[in-house]
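Colleague:
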Amino acid sequence: MPVMRGKMRINEPMSRHTSWRTGGVAQHYYIPADLKDLSVFLNRLPVEEPVYMIGLGSNLLVRAGGLAGTVIAVHARLNDLRLVCLDQSGGVVYAGAGVACAKVARFAAMHHLTGAEFLAGIPGTIGGALAMNAGCYGCETWEAVEKVQVINRSGELSMRLAEAYVVDYRSVQRKTVIDDALKAEWFAGGYFRLKPGEEAVSRQTIKQLLTLRVKSQPLDKPNAGSVFRNPPGDYAARLIEMCGLKGKSIGGAMISAKHANFIVNMGGATATDIEALIMLVQEKVKKETDVALIEEVRIIGEAGSHE
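In terms of our numbering, the sequence shown opens at residue 435 and continues consecutively.
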């Protein structure tokens with residue numbers, strides 16, 4: 435029988451693993467050694483055990499009551515990054531779910547491939563980018579996806595073409611509905627088909643995007659990126675600012691004065707503070723503009739006061 439080679443932690447504070455730097459504890463927190471070890475681990479988990487797969491925790495709010503079940507941390511573990519093929523039409527890059535998006539942008543540029551530069555502006559991992567079709571500066575992850583590798587609850591690995599999914603703005607759903615808990619899937623990695631480019635041009639584009647990000651986003655305070663999806667034909671930040679909510683705070687959480695679609699931890703913010711501020715924004719924007727803002731961040735866990 436294969437031996438599990440990863441590390442298990444009990445009652446792990448999720449404030450250590452989310453970019454908001456707050457949140458409750460995870461009952462179990464597993465760091466797999468690699469993809470093969472993750473497969474073994476999943477295969478041995480009880481069927482009824484809740485599972486949460488996370489990368490850098492940059493799009494995640496864990497409620498104060500914490501998480502019953504197991505969190506699996508794949509950042510820097512599912513870290514395979516390689517050039518699959520290269521020809522006159524471009525090339526294909528494979529990136530594991532635990533690879534930071536910015537690393538993929540630089541890797542593609544180094545191999546004279548273009549189309550991945552925007553990934554430098556996404557502060558998460560490829561797994562999260564695939565799961566939510568992350569995007570910025572007019573580009574989205576699935577525009578370049580050729581196929582994906584997935585791992586299911588039983589630890590089985592499969593390949594699926596991009597055509598197997600319905601992809602929309604910040605939404606990715608498999609066309610075939612999965613009603614078996616043991617067949618629930620997570621992205622283990624993605625194959626990205628990119629066009630030929632010049633390394634110097636790509637690196638300059640990456641530099642410009644990062645400069646723009648620093649200028650427009652409150653990166654000096656813990657945050658989770660854009661809190662809300664942009665509604666059709668509009669911007670969440672514009673609506674929030676129009677409602678006079680810039681600078682509004684609850685406890686240690688504040689709507690950034692630099693970018694209204696960011697909530698920052700000013701120091702000591704609890705997950706409860708942040709979620710309350712999210713709800714306040716939704717209520718006021720709905721009341722004043724009749725637009726229902728949908729969260730882009732993922733909120734998980736139980737309500738409570740154990741932070």
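Yeah, the Cβ is synthetic: ideal placement off N, Cα and C, and Gly gets one too.
Would L494 and A658 be called neighbours here (beta carbons separated by less than 8 angstroms)?
Modeller: Sequence index remark: in the sequence shown, residue 494 carries index 60 (1-based). Sequence index remark: in the sequence shown, residue 658 carries index 224 (1-based). Yes, the pair counts as a contact, with Cβ atoms nearer than the cut-off.
Colleague: Any beta-carbon of chain D closer than 8 angstroms to the one on A705?
Modeller: Among the chains of the structure shown, chain D does not appear; only one protein chain is present.
Colleague: Buried or exposed for R604, going by 16 or more other Cβ atoms inside 10 Å?
Modeller: Your numbering for residue 604 matches position 170 in the sequence shown. Under this definition R604 is a buried residue.
Colleague: Does DSSP put G376 in a helix, a strand or coil?
Modeller: No answer is possible for residue 376: the residues shown for the chain start at 435 and end at 741.
Colleague: Relative to the C-alpha of H462, which residue among M438, I506, M435 is closest?
Modeller: Within the sequence shown, numbered from 1, the residue matching residue 462 stands at position 28. Looking at the Cα atoms, I506 is the closest of the given residues.
Colleague: Looking at L512 and A460, is the spacing between their C-beta atoms short of 8 angstroms?
Modeller: Locating residue 460 in the sequence shown gives position 26, where the first residue counts as 1. Locating residue 512 in the sequence shown gives position 78, where the first residue counts as 1. No, these two residues do not count as a Cβ contact at 8 angstroms.
Colleague: Verify whether the separation of the beta carbon atoms of W454 and N695 is less than 8 angstroms.
Modeller: Sequence index remark: in the sequence shown, residue 454 carries index 20 (1-based). Sequence index remark: in the sequence shown, residue 695 carries index 261 (1-based). Not closer than 8 angstroms, so no.
Colleague: Kindly confirm or deny that the stretch 669–684 and the stretch 704–719 touch, where touching means at least three C-beta pairs closer than 8 angstroms.
Modeller: Short answer: they touch.
Colleague: Give me the Cα-Cα distance between V661 and L727, rounded to the nearest whole angstrom.
Modeller: Start at 1 with the first residue of the sequence shown, and residue 661 comes out as number 227. Start at 1 with the first residue of the sequence shown, and residue 727 comes out as number 293. The straight-line gap from Cα to Cα measures roughly 10 angstroms.
Colleague: Could you say if the stretch 598–612 and the stretch 513–527 meet the contact criterion of at least three C-beta pairs nearer than 8 angstroms?
Modeller: Because the criterion of three Cβ pairs below 8 angstroms is not met, the stretch 598–612 and the stretch 513–527 do not touch.
Colleague: Within 10 angstroms of the Cβ of Q583, are there 16 or more other Cβ atoms? Answer buried if so, exposed if not.
Modeller: The sequence position of residue 583 within the sequence shown is 149, counting from 1. Classification of Q583: buried, given that the 10 Å Cβ count is 16 or more.
Colleague: Which residues in the same chain have their Cβ closer than 8 angstroms to the Cβ of H693, if we skip the five residues on either side of it in sequence?
Modeller: The sequence position of residue 693 within the sequence shown is 259, counting from 1. Result list for H693: S650, Q651, P652, A671, in chain order.
Colleague: Identify whether I612 lies in helix, strand or coil by the three-state DSSP scheme.
Modeller: Position 178 of the sequence shown, counted from the start, is the residue given in the question as residue 612. I612: coil per DSSP, three-state reduction.
Colleague: Determine the DSSP secondary structure at Q642, reduced to helix, strand or coil.
Modeller: On the sequence shown, residue 642 is found 208 positions in, with the first residue counted as 1. Of the three classes helix, strand and coil, the one that applies to Q642 here is helix, per DSSP.
Colleague: Could you say which of V731, P480, S588 lies nearest to A618 if we only look at CA atoms?
Modeller: Counting from 1 along the sequence shown, the entry for residue 618 is found at position 184. Ranking V731, P480, S588 by Cα distance to A618 puts S588 first.
Colleague: Just to confirm, are A565 and V606 a CB contact at a threshold of 8 angstroms?
Modeller: Sequence index remark: in the sequence shown, residue 565 carries index 131 (1-based). Sequence index remark: in the sequence shown, residue 606 carries index 172 (1-based). Yes.
Colleague: For G702, I'd like the list of residues in its chain whose CB is within less than 6 angstroms of its CB, leaving aside the five on either flank, ordered along the chain.
Modeller: Working through the sequence shown from its first residue, we reach residue 702 at position 268. For G702, where only same-chain residues beyond five positions count, the Cβ hits under 6 angstroms are G686.
Colleague: List the DSSP bridge partners of S592.
Modeller: The residue labelled residue 592 in the question sits at position 158 within the sequence shown. According to DSSP, S592 bridges with V584.
Colleague: How long is the line joining the alpha carbons of L595 and V648, rounded to whole angstroms?
Modeller: As a first step, residue 595 must be located in the sequence shown, where it is residue number 161. As a first step, residue 648 must be located in the sequence shown, where it is residue number 214. Distance between the alpha carbons of L595 and V648: 35 angstroms.
Colleague: Taking only three categories from DSSP, how would you classify C519?
Modeller: Walking along the sequence shown from the start, residue 519 turns up at place 85. Three-state DSSP puts C519 in a strand.
Colleague: Among L591, I465, C570, which has the Cα closest to the Cα of L644?
Modeller: Taking the sequence shown and counting its residues from 1, the one referred to as residue 644 is at position 210. For L644, the nearest C-alpha among the options comes from C570.
Colleague: With E730 as the anchor, note down where its beta strand (DSSP E) starts and where it stops.
Modeller: Indexing the sequence shown from 1 puts residue 730 at position 296. It is not in any beta strand (DSSP E) - E730 carries neither H nor E in the DSSP assignment.
Colleague: Taking the alpha helix (DSSP H) that R478 falls in, what are its first and last residues?
Modeller: Position 44 of the sequence shown, counted from the first residue, corresponds to residue 478. 469–478 is the span of the alpha helix (DSSP H), which, as asked, contains R478.
Colleague: Beta-carbon within less than 7 angstroms of K581's beta-carbon, same chain only, minus the 5 sequence neighbours each way: which residues are those?
Modeller: Looking up residue 581 in the sequence shown gives position 147. The residues are M593, R594, L595, A596, Y625.
Colleague: By a C-beta neighbour count over all protein chains shown, 10 Å radius and 16 as the cutoff for buried, is A634 buried or exposed?
Modeller: Translated into the one-based positions of the sequence shown, residue 634 becomes position 200. Exposed is the call here.
Colleague: If we count the other Cβ atoms within 10 Å of its Cβ and call it buried at 16 or more, is S690 buried or exposed?
Modeller: The residue given as residue 690 occupies position 256 in the sequence shown. With 16 or more other Cβ atoms within 10 Å, it is buried.
Colleague: If you draw a straight line from the alpha carbon of I734 to that of Y464, how long is it in whole angstroms?
Modeller: Position 300 of the sequence shown holds residue 734. Position 30 of the sequence shown holds residue 464. Spanning the two alpha carbons is a distance of roughly 17 angstroms.
Colleague: Within this structure, are the beta carbons of G525 and V508 separated by less than 8 angstroms?
Modeller: Translated into positions along the sequence shown, residue 525 becomes position 91. Translated into positions along the sequence shown, residue 508 becomes position 74. No, these two residues do not count as a Cβ contact at 8 angstroms.
Colleague: Please classify S690: does DSSP put it in a helix, a strand, or coil?
Modeller: As a first step, residue 690 is located in the sequence shown; it is residue number 256 there, counting from the start. Of the three classes helix, strand and coil, the one that applies to S690 here is coil, per DSSP.
Colleague: Does the distance from the C-beta atom of E709 to that of R497 stay below 8 angstroms?
Modeller: Translated into the one-based positions of the sequence shown, residue 709 becomes position 275. Translated into the one-based positions of the sequence shown, residue 497 becomes position 63. Taking 8 angstroms as the Cβ cut-off, E709 and R497 qualify as a contacting pair.
Colleague: Determine the extent of the alpha helix (DSSP H) in which Q716 is found, giving its start and end residues.
Modeller: Translated into positions along the sequence shown, residue 716 becomes position 282. Taken as a continuous stretch (DSSP letters only), the alpha helix (DSSP H) holding Q716 covers 705–723.
Colleague: According to DSSP, which residues form a beta bridge with Y625?
Modeller: Counting from 1 along the sequence shown, the entry for residue 625 is found at position 191. Answer by DSSP bridge pairing, in chain order: Y528, K581.
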